[in-house]
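Asker: This is the structure, below, for whatever I ask next.
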Amino acid sequence: MACLFPGFLHGADYNPEQWLSRPDILQEDLRLMKEAHINCVSVGIFSWARLEPEEGRFDLDWLEEIINRLYENGVSTILATPSGARPLWMAHKYPEVLRVSSQLTRNRPGRRHNHCYTSPVYREKVRIIDTKLAERFSRHPAVLLWHLSNELGGQCFCPLCQAAFREWLRKKYGSLDALNEAWWTDFWAHRYTDWSQVEAPVPSGETEVHGLNLDWKRFVTHQTVDFARWERDAVKAVNPQLPVTTNHGESYESINYFRYRDVVDIASWDSYPLWGKDPDEAETGQQTAFAHDVIRSIKRAPFLMMESSPSATNWQEVSRLRQPGVQMLAAMQAVAHGSNSVQYFQWRKSRGSSEKFHGAVVGHDGRSTTRVFQEAAQVGERLERLAPLLGTCPRPQAALLYDWENGWALNDAQGPRNCGMHYLETAMAFHKAFWRLGIGTDIVDMDGSLEGYRLVAAPMAYLLRGGFAQRLREFVERGGVLLGTYWSGIVNETDLCFLGGVPGDGLSQVFGLESEEIDGLYDGQENSLLPLGGFLPRESYRLFQLCDLVNLNGAQPLAVYGKDFYQGRPALAVNRFGRGKAYYLAARGEQALLNDLIARLCREAGLQPALDGVLPEGVAAVRRDGEPAAVFVQNFRPAPVQVPLNRPYVDFESGAAVEGSLSLSPFQVRILL
Ligand code: GLA
Ligand code: ZN
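Per the numbering used here, the sequence shown starts with residue 1, numbered consecutively.
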């Protein structure tokens with residue numbers, strides 16, 4: 001589903017239920033939205049108490065009036081299901097809808113996002129309200145998309161969830177014997193003799209059976225995604241045509257977002273980078289680029305940036321304002337990576353309660369003359385000009401592995417570094433090397449296909465599952481370039497170590513080597529990587545944290561360790577396998593090592609950077625492929641910069657020829673054809 005909407009969406013979360021007693025303000029919103037070039041709003045996310053004020057008594061008229069009036073004024077609606085927060089009557093009457101914490105105590109009614117995903121009562125109440133909304137609105141011409149719930153996440157340890165967990169395990173393993181084997185429960189006499197003994201891992205109970213910890217996390221994802229599916233089925237039962245999304249937070253911990261692949265029609269997320277934290281915005285820009293790439297990769301298709309703050313947040317450590325131009329930069333960055341929208345949280349600042357100081361397009365002063373409002377209006381205007389790019393999307397030929405389940409397992413492993421394995425940081429460091437070069441990457445997990453890629457980087461593929469090793473093998477056999485690293489192929493799907501040599505599951509053949517031991521280094525301790533025969537431009541690179549001691553078995557050494565008792569042993573090697581090549585980086589090193597290594601491998605794989613030129617530090621280039629292919633050149637620095645070009649381009653917006661070099665003012669984004 002490449003493009004669902006007539007143009008780029010420019011919108012915001014709109015919470016009119018907070019202003020029902022102020023019709024003048026609701027009227028003024030319509031005028032202001034026009035001025036800000038807003039063409040859609042997300043409505044109803046936290047409206048349940050107004051939609052069903054008493055059990056079974058529904059009031060949808062006010063919402064219909066709002067949706068109609070917006071539509072008459074050129075603003076479409078993304079309609080939310082209200083399950084992110086419940087009316088108070090429900091929890092008071094049916095306490096089972098409330099979440100139970102890992103302390104095994106039940107939450108009190110209140111806050112939001114604190115419901116049990118298993119509770120049959122909650123699911124039924126959600127189904128009823130979703131059906132009512134669908135019956136009334138899912139064929140309304142104003143309504144573009146369903147916004148299922150809000151930032152689904154967290155865990156519930158209630159008896160219903162624990163029973164569902166046991167059921168899920170029964171289906172997965174078939175017998176207790178199989179579960180005992182998979183979890184290695186004879187260690188410390190943990191053998192289960194009855195299903196009722198299986199409990200979720202909690203601080204006061206079992207926490208050291210790694211297979212249990214891992215399966216619990218998988219179950220939490222399963223149950224959460226199943227809840228989203230439940231809601232999707234409820235609304236699609238009424239109108240199967242109306243597409244659905246659910247908005248993800250920027251979290252790499254609790255829920256494996258790739259599991260939503262088959263549930264949503266379009267992926268979306270809420271982007272709140274720490275703009276203003278670093279002296280320039282390049283570091284934050286790169287981390288945000290990674291997050292956009294993750295979300296696009298869920299469906300390998302355009303996505304939506306469902307929320308972003310037009311100025312500060314009020315929940316980060318400090319509420320830094322965005323420097324002039326950064327709002328536009330953040331908006332264009334999202335579009336560059338494949339977003340078909342720029343949406344804000346929220347349209348109008350709440351007057352009270354916990355988000356009254358969160359940035360919004362319209363502040364408490366209600367004025368459109370503010371800097372924040374004006375910059376949002378400029379974004380809206382610009383998005384209108386970009387309409388011809390709507391059918392395009394980045395189609396990278398490089399893939400980077402980031403696998404949630406792998407991260408859960410290796411962070412829980414107890415060794416080789418309990419002071420930090422840094423899986424996410426490692427994936428981001430690899431991503432950064434591509435980003436600096438202007439070479440796009442999809443992010444794949446171990447269920448993802450490797451079709452269409454010429455280069456795959458798979459750092460720290462510790463846990464192998466889902467036939468991933470086999471797909472890597474075929475990828476290299478067919479002529480692909482693979483970059484793997486230390487701490488790969490160590491355990492199987494249930495976290496049991498491979499016997500008979502690692503990397504396991506056939507990967508040691510692909511890499512032409514075996515890992516015999518791995519050295520965990522204290523923070524501050526270092527080794528060095530010395531390239532052989534000028535394979536990399538520098539004579540030496542800093543290594544730290546993890547150094548793998550490998551025995552080559554067909555692979556050729558490309559670099560060696562500079563010191564310690566393993567001085568002279570291979571630190572980087574390559575193996576020809578089938579028609580391709582598999583590189584193995586044995587140790588964690590400084591960014592320059594990844595930059596130089598990945599640059600070389602990209603050349604070898606024949607990958608073309610988005611921009612034919614030279615990217616200065618802090619400048620990124622990302623291409624939306626298709627007709628026309630457009631390169632978004634983004635300056636993340638607060639200073640003007642010249643970008644040398646090797647061929648002439650045309651500025652997409654002005655139509656002017658750009659030759660020799662491209663000039664960018666502070667934080668400017670220019671789009672080249
Ligand atoms: C999240 C939520 C919003 C709002 C914003 C504030 O993304 O989805 O409801 O709380 O955070 O940044
Ligand atoms: Zn529960």
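The beta carbon of each residue, even a glycine, is placed where N, CA and C say it ideally should be.
Is any heavy atom of the ligand GLA found at a distance shorter than 7 Å from the C-beta of residue 151?
Answerer: Because some heavy atom of the ligand GLA lies under 7 Å away, the Cβ of residue 151 counts as near it: yes.
Asker: Can you tell me whether DSSP reads residue 358 as helix, strand or coil?
Answerer: Coil, per DSSP.
Asker: Is residue 157 helix, strand or coil when you go by DSSP?
Answerer: Looking at residue 157 - three-state DSSP - the assignment turns out to be coil, as it is neither helix nor strand.
Asker: Report whether the distance from the Cβ of residue 115 to the nearest heavy atom of the ligand GLA is below 7 Å.
Answerer: It does not: the Cβ of residue 115 is nowhere closer than 7 Å to a heavy atom of the ligand GLA.
Asker: Closest to residue 284 by CA distance: which of 432, 31, 224 is it?
Answerer: The option with the nearest alpha carbon to residue 284 is 432.
Asker: My output table needs one value for residue 54: the three-state DSSP class, helix, strand or coil.
Answerer: The answer is strand: DSSP assigns residue 54 an E or B state.
Asker: So is the beta-carbon of residue 207 under 7 Å away from any non-hydrogen atom of the ligand ZN?
Answerer: No - the ligand ZN has no heavy atom lying nearer than 7 Å to the Cβ of residue 207.
Asker: Residue 44 to residue 250, Cα distance in whole Å?
Answerer: Answer to the nearest angstrom: the Cα atoms are 22 Å apart.
Asker: Does the Cβ of residue 313 lie closer than 7 Å to at least one heavy atom of the ligand GLA?
Answerer: Yes; taking the cut-off as 7 Å, the Cβ of residue 313 has a heavy atom of the ligand GLA nearer than that.
Asker: Residue 364 to residue 348, Cα distance in whole Å?
Answerer: Straight-line Cα distance between these residues: approximately 8 Å.
Asker: Is any non-hydrogen atom of the ligand ZN found closer than 7 Å to the C-beta of residue 104, if you look at the structure I gave you?
Answerer: It does not: the Cβ of residue 104 is nowhere closer than 7 Å to a heavy atom of the ligand ZN.
Asker: Can you tell me where the beta strand (DSSP E) holding residue 40 begins and where it ends?
Answerer: Per DSSP, residue 40 belongs to the beta strand (DSSP E) from 40-43.
Asker: Do the region 526-533 and the region 543-550 touch if we need at least three Cβ pairs shorter than 8 Å?
Answerer: Yes, the region 526-533 touches the region 543-550.
Asker: Give me, in chain order, the residues of the same chain whose beta-carbon lies closer than 7 Å to that of residue 6; leave out the 5 immediate sequence neighbours on both sides.
Answerer: Answer for residue 6: no residue qualifies.
Asker: Could you check which residue in 317, 123, 414, 333 has the C-alpha nearest to that of residue 286?
Answerer: Out of 317, 123, 414, 333, 333 has the C-alpha closest to the C-alpha of residue 286.
Asker: Quick check: does the Cβ of residue 121 come within less than 7 Å of any heavy atom belonging to the ligand ZN?
Answerer: Not so, every heavy atom of the ligand ZN lies at least 7 Å from the Cβ.
Asker: Given 7 Å as the limit, tell me if residue 160 has its C-beta closer than that to any heavy atom belonging to the ligand ZN.
Answerer: Answer for residue 160: yes, Cβ within range of the ligand ZN.
Asker: Starting from residue 63 and walking both ways along the alpha helix (DSSP H), at which residues does that stretch end?
Answerer: Its alpha helix (DSSP H) spans residues 61-72.
Asker: Would you kindly check if the distance between the Cβ of residue 100 and the Cβ of residue 158 is under 8 Å?
Answerer: Contact flag set, yes.
Asker: Is the beta carbon of residue 559 sitting closer than 8 Å to the one on residue 481?
Answerer: No, they are not a contact pair.
Asker: Is the region 614-633 in contact with the region 390-407, if contact means three or more CB pairs nearer than 8 Å?
Answerer: They touch, by the three-pair rule.
Asker: Taking the straight line between their C-alpha atoms, what separation do you get for residue 104 and residue 96?
Answerer: Roughly 13 Å separates the two Cα atoms.
Asker: In terms of residue numbering, what span does the alpha helix (DSSP H) encompassing residue 431 cover?
Answerer: Counting along the chain, the alpha helix (DSSP H) containing residue 431 begins and ends at 423-437.
Asker: Using a Cβ-based criterion (distance less than 7 Å to any ligand heavy atom), does residue 317 qualify as near the ligand GLA?
Answerer: No, the ligand GLA has no heavy atom inside 7 Å of this Cβ.
Asker: Quick check: the Cα distance between residue 602 and residue 580, rounded to an integer number of angstroms?
Answerer: Whole-angstrom Cα-Cα distance: 13 Å.
Asker: Below 7 Å CB to CB, which residues in the same chain sit around residue 162 once its five sequence neighbours on both sides are set aside?
Answerer: Answer for residue 162: 199, 200, listed in chain order.
Asker: Does any residue of chain D have a CB that is nearer than 8 Å to the CB of residue 376?
Answerer: In summary, chain D is missing from the structure at hand, where a single protein chain is found.
Asker: Do three or more CB pairs link the region 14-21 to the region 335-354 at distances below 8 Å?
Answerer: Counting Cβ pairs under 8 Å, three or more are found: they touch.
Asker: Less than 8 Å separating the beta-carbons of residue 211 and residue 182?
Answerer: Yes. Within cutoff.
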